[in-house]
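Chemist: All residue numbers for the sequence shown refer to the working numbering, where the first residue is 3 and numbers rise by one.
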Amino acid sequence: MTSLFQTLLPEVESVLYIDTDVLFVSPVEAVWHNFLMMNKTQLAAVTPEHQDSSAGWYNRFAKHPYYGKLVMLMQLARMRTFGWEDHIVPLRQQYKQHIRWGDQDLINILFHFHPELVYVLDCSYNFRPDHCMYGSVCKPASKTGAKLIHASRRAAFTDKFPPFQEVYNTIAMV
3 MTSLFQTLLP EVESVLYIDT DVLFVSPVEA VWHNFLMMNK TQLAAVTPEH QDSSAGWYNR
63 FAKHPYYGKL VMLMQLARMR TFGWEDHIVP LRQQYKQHIR WGDQDLINIL FHFHPELVYV
123 LDCSYNFRPD HCMYGSVCKP ASKTGAKLIH ASRRAAFTDK FPPFQEVYNT IAMV
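As structure tokens, then:
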């Protein structure tokens, strides 16, 4: 996915990629501001996949760090300079038998070998049902509120997660 943006948008320096089931509950400028927080080596900003080390597939089974890429700030100019495709393609060949989650796995493998490329956003930038399913595990969202709400697990369309369903229904009525 990220290679696609670099190829299709050669004149663009930075993009904010979000999944289709992510809603902004804060101004997009507040999210975009994180580009200014990145140092000169960081080419992507992502959130950890899980805050609770006992939860989540990556925490339990993967042999590398685990970031969610469904909210991802990408410095495309830096990715091109780094040679993103030159790094990703060989990793795909090397790990293809172990890749379960497609490009997300590849991104995580790359960031495992190059942690200096990653700016880590807190969980309020990708607030998901996992953060409140069995209690509040996203402390930044508890303090200052979620900035983006991600309705993974079809949270907006099931009675299992009423707050997510309510937010999505309210926005759908606008």
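Yeah, the Cβ is synthetic: ideal placement off N, Cα and C, and Gly gets one too.
Candidates Ala143, Pro165 and Ile101: which alpha carbon is nearest Ser28's?
Modeler: Checking every option, the nearest Cα to that of Ser28 belongs to Ala143.
Chemist: In the DSSP assignment, find the unbroken beta strand (DSSP E) run with Tyr121 in it and report its ends.
Modeler: Start and end: Val120 to Val122.
Chemist: For His152 and Asp107, what's the separation of their Cα atoms in angstroms?
Modeler: Answer to the nearest angstrom: the Cα atoms are 19 Å apart.
Chemist: Where DSSP assigns a beta bridge to Met74, which residues make up the other side?
Modeler: DSSP lists Tyr19 as partners of Met74.
Chemist: Are Pro131 and Phe166 touching if we call contact CB-CB under 8 Å?
Modeler: Their beta carbons are under 8 Å apart, which means Pro131 touches Phe166 by this criterion.
Chemist: Would you grab the beta carbon distance between Leu93 and Ile111 for me? Rounded to a whole angstrom, and I think it's under 8 Å.
Modeler: Contact holds; Cβ gap of about 5 Å.
Chemist: Can the beta-carbon of Leu25 be found closer than 8 Å to that of Ile173?
Modeler: For Leu25 and Ile173, yes; Cβs fall inside 8 Å.
Chemist: Round the Cβ separation of Leu38 and Gln77 to the nearest angstrom and send it over; I've been treating them as touching at under 8 Å.
Modeler: Contact flag wrong, Cβ pair sits at about 11 Å.
Chemist: Is the beta carbon of Asp23 closer than 8 Å to that of Ser126?
Modeler: The answer is no: Cβ separation not under 8 Å.
Chemist: Express the C-alpha separation of Gln99 and Met40 in angstroms, rounding to a whole number.
Modeler: If you take the alpha carbons of Met40 and Gln99, they lie about 33 Å apart.
Chemist: Following the continuous alpha helix (DSSP H) through Thr49, name the residue where it begins and the one where it ends.
Modeler: Thr49 -> not in any alpha helix (DSSP H); beta strand (DSSP E) instead, spanning Ala46 to Pro50.
Chemist: Under a three-way DSSP split, which group does Leu112 fall into?
Modeler: Note: Leu112 maps to helix in three-state DSSP.
Chemist: In this structure, what does DSSP give as the bridge partners for Val33?
Modeler: Partner(s): none; Val33 has no beta bridge.
Chemist: Run through the region 129-169 for me and flag every whole alpha helix (DSSP H) of 4 or more residues, listed as ranges in chain order.
Modeler: Entirely contained in the region 129-169, the alpha helix (DSSP H) runs reaching 4 residues are, in chain order, 141-146.
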